[in-house]
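Q: With this note's numbering applied, the sequence shown has no gaps in its numbers, which climb one by one up to 359 at the end. Don't be surprised by glycine CBs; every beta carbon is placed ideally from N, CA and C.
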Amino acid sequence: MKKLLIALLFPLTSFAQDGFTITGDIKGLKDSTQVQLIDGGNGNAIEHTIAVSGHFIIKGKLVDAALCVIVFKDSQEAINIFMGNENITVLGEVGKLKLAVVKGAKLQSDYTSLIGILDLYKDKLNATSTELKTESAGKKRDSLINVFNDTRTKLFDHVIKFTQEKSASPVSPLALLIIAQLFDNPNELEKRYTALQTSAKKGTYARTIEQVIAESKIGSVGSTAMNFTQNDTANHPVSLSSFKGKYVLLDFWASWCKPCREENPNVVATYNAFKNKNFTVLSVSLDQEKLNWLQAIKQDNLKWTHVSDLKYWSNAVAQLYHVQSIPQNFLIDPQGKIIARDLRGAELSKKLKELLQ
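1) Taking the CB atoms as reference points, tell me whether isoleucine 28 and leucine 39 lie closer together than 7 Å.
2) Use the C-beta contact count for aspartate 112: other C-beta atoms within 10 angstroms, 16 or more gives buried, fewer gives exposed.
3) On the premise that proline 172 lies in contact with serine 140, defined as a C-beta separation below 8 Å, what is that separation, rounded to the nearest angstrom?
4) Look at the alpha carbon of valine 283 and the alpha carbon of serine 201, and state the distance between them as a whole number of angstroms.
5) In whole angstroms, what separates the C-alpha of glutamate 137 from that of aspartate 152?
6) In the DSSP output, what is serine 285 paired with across the bridge?
7) By the three-class DSSP mapping on this structure, what secondary structure does leucine 109 have?
8) Does the segment 291–308 come within contact of the segment 321–339, defined as at least 3 CB pairs closer than 8 Å?
9) Measuring alpha carbon to alpha carbon, tell me which residue in Trp306, Pro261, Phe254 is nearest alanine 271.
10) Going by DSSP, which residues form a beta bridge with glutamate 190?
11) Quick one: Cα of leucine 293 to Cα of leucine 312, how far?
12) Once DSSP output is grouped into helix, strand and coil, what is the label at glycine 347?
13) Comparing alpha-carbon positions, which option in Gln330, Tyr273, Val223 lies nearest lysine 1?
14) For isoleucine 8, which residues in the same chain have their Cβ closer than 7 Å to its Cβ, ignoring the five residues on either side in sequence?
15) Could you name the residues of the same chain whose beta carbon sits closer than 6 Å to that of arginine 143, not counting the 5 residues immediately before and after it, in chain order?
16) When you compare each of Thr196, Thr231, Pro188 to valine 214 by their alpha carbons, which one comes out closest?
17) Check this for me: beta carbons of tyrosine 195 and isoleucine 220, under 7 Å apart or not?
18) By the 10 Å Cβ neighbour count, where 16 or more other Cβ atoms means buried, how is leucine 127 classified, buried or exposed?
19) Counting C-beta neighbours from all protein chains within 10 Å, is the total for isoleucine 121 16 or more, i.e. buried, or is it exposed?
20) Check each candidate in Glu356, Thr51, Gly21 and name the one with the smallest Cα separation from serine 34.
21) Between serine 222 and leucine 134, what straight-line distance do the alpha-carbon atoms span, to the nearest angstrom?
22) Taking the continuous beta strand (DSSP E) assigned at asparagine 82, which residues delimit it?
23) I'd like the list of long-range same chain contacts for valine 286, defined as Cβ closer than 6 Å, with 5 residues on each side in sequence excluded.
24) Go ahead and label tryptophan 315 buried or exposed: buried means 16 or more other beta carbons lie within 10 angstroms of its beta carbon, across all protein chains shown.
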């Protein structure tokens with residue numbers, strides 16, 4: 003919820019072509035005011051100049067069309083422009099720069115439309131979210147949750163409609179990024195992004211959403227398990243690929259993790275029930291002390307292969323699989339595909355019965 007609201011309040015960047023010229027006339031702007039053009043995605047300055055009698059000209063060149071921000075020294079006001087390498091004019095008045103008129107930026111109307119959609123729902127989402135933080139369990143809280151979810155769904159549907167109608171616009175990847183966390187799975191986000199036209203898939207926003215899609219697929223059901231090699235308890239290298247042809251439970255744990263230790267008896271029971279039916283377990287420990295690791299293996303009777311680099315949360319395999327909490331596991335089929343994840347207790351045994359009996 004929090005990340006969604008941040009995304010609504012603080013959008014990012016995209017792309018373009020040849021040189022740009024921005025000619026501005028801002029009433030009430032003090033002489034010698036420094037004017038900067040900022041990359042709205044990373045906050046870096048693109049170009050700057052000095053205003054004279056409210057007039058300024060900024061020239062430069064963008065690699066791709068982008069959401070840029072004109073900022074004025076000693077002022078909290080700014081002007082957002084989704085622009086390419088174009089001849090642009092900006093007319094406005096100090097104190098009313100939200101109403102500034104931007105001409106010549108072909109993508110500005112698309113960006114304005116998107117902001118208009120966000121404005122329809124942003125305040126209600128924020129207000130409802132604030133109420134939820136202080137409201138205890140009960141009918142009112144349930145009602146607020148329904149209001150929040152209904153508003154969020156309307157926002158999602160409205161933005162999706164925008165991307166369908168503006169499938170050629172570089173603003174559409176920005177729109178998808180804003181609602182990225184509302185998708186049920188990365189495949190649905192990828193489907194919506196793929197549906198955009200080639201002209202939209204350029205620039206920072208497009209590259210960012212491609213990265214989001216790629217990273218969100220890591221460890222997802224249906225994806226290929228990433229191979230790795232790490233040393234076992236005897237300092238011998240062990241590779242995940244060496245288990246190909248078997249069903250493997252890739253299990254992340256640590257001796258210091260109480261929930262992990264509580265789950266271990268279930269894993270042991272499942273291992274014993276299916277170890278002769280083409281199933282095994284490969285455990286990756288996030289321990290730091292080897293002695294503690296070895297003692298826990300012995301105490302919990304974990305009679306399968308164990309690996310670790312003893313680097314705690316910096317364990318290379320945990321980072322590869324984006325593991326941020328433990329216990330966590332991935333069930334991998336004989337072909338190396340992840341077919342389930344985070345199976346606990348009877349769920350793991352039930353899944354293996356479906357597969358192996």
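A: So, to answer that:
1) no
2) buried
3) For the record, residue 140 in the displayed sequence is glycine; it is not serine. In fact, because the Cβ distance is near 46 Å, the residues do not count as touching under 8 Å.
4) 47 Å
5) 18 Å
6) Serine 285 pairs with Asp253, His308.
7) coil
8) no
9) The residue with the shortest Cα to Cα distance from alanine 271 is Trp306.
10) Note: glutamate 190 sits in no beta bridge, so no partner.
11) Whole-angstrom Cα-Cα distance: 11 Å.
12) coil
13) Because the chain spans 3 through 359 in this model, residue 1 falls outside it and cannot be assessed.
14) Caution is warranted here: a pLDDT of 40 is assigned to isoleucine 8, below 50, making its placement in the model unreliable, and the coordinate value is therefore given only provisionally. Result list for isoleucine 8: empty, nothing under 7 Å.
15) Glu137
16) The option with the nearest alpha carbon to valine 214 is Pro188.
17) no
18) buried
19) It should be noted that the sequence gives aspartate, not isoleucine, for residue 121. Flag for aspartate 121 reads exposed.
20) Thr51
21) 31 Å
22) 80–85
23) Phe254, Val309, Val319
24) exposed
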